[in-house]
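Below is one structure; the comments refer to it alone.
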């Protein structure tokens, strides 16, 4: 069971890392293009050059009832109609509807305030119209969208619950194992630090286990076979510190027990 949990956790961590990398690459290193599919309606979101204000210096936040009165747009894409649904400072959001017979291709879209004659400073966005959903998926900005049909964020959401469950089960099993070892007078090696001339060990046996400075502890491998000895230098309530030469056989998964 512990071995299965370990490999499952590692696999889920790899998937989580790949999904995060895919999200970052797709979001920051791929050119931002507004994407539409003909015959479909999609929400588009982008930014204006400066916030839309209400005349008091505060950014304006409005819904669809006023957004279309404030903003307008122009595009060279035929059959694309935008209906603005939200404005929040510089951010705008619109529902774009594409005619089923609209030609696929690359176009531009510019959003600006109504009544302003000079809107040259407003960003000109790249707009791509795809012939169908399959073509849109094939040109998606993330690997998961191109090959699996869903954004990497969904992968992150799917992986997190089982990953947390694996960690909880591993923690519970480890706690039970440590308790059983403690009852036998056996402690884990918590920390192995490499110094210039020796290894410094922090082990899970201390004063409460009858350990005193100068005591000799046997080092056991995971099969509980003796592989060496260490002499305790410093003792705390439930831990001890010792040093061994650099050539000694010590690992994080080894155990220690007081020499009889």
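Residue numbers (the numbering used here): 12 to 271.
Here a beta-carbon is modelled for each residue, glycine too, at the ideal position from N, C-alpha and C.
Everything numeric in this text was worked out from a predicted model, so none of it was measured.
Query	Result
Complete runs of the beta strand (DSSP E) confined to the segment 99-184 [at least 3 residues]	102-109, 116-124 and 135-141
Own chain partners of residue 207 with C-beta closer than 7 angstroms, once the 5 adjacent residues on each side are dropped	none
Same chain, Cβ closer than 6 angstroms to residue 67, five either side skipped, listed in chain order	Unreliable positioning characterises residue 67 in this predicted model, as indicated by a pLDDT of 48, which lies under 50. The coordinate reading is nonetheless provided below. Counting only Cβ-Cβ distances below 6 angstroms, and skipping sequence neighbours, we find nothing.
Cβ pair count under 8 angstroms reaching 3, the segment 244-251 against the segment 210-225	yes
Where the beta strand (DSSP E) containing residue 58 begins and where it ends	52-58
Whole-angstrom distance between residue 62 and residue 179, CA atom to CA atom	46 angstroms
Extent of the continuous beta strand (DSSP E) run through residue 211	209-214
Cβ pair residue 87, residue 123 closer than 8 angstroms	no
Cβ contact check for the segment 170-186 and the segment 13-24: 3 or more pairs under 8 angstroms	yes
Assigned secondary structure, residue 35 (DSSP; H/G/I helix, E/B strand, else coil)	helix
Beta-carbon contacts of residue 81 that lie in its chain and below 8 angstroms, excluding the five residues immediately before and after	63, 71, 73, 95, 98, 124 and 125
Cutoff 6 angstroms; reference residue 270; Cβ partners in own chain excluding five residues on either side	227 and 229
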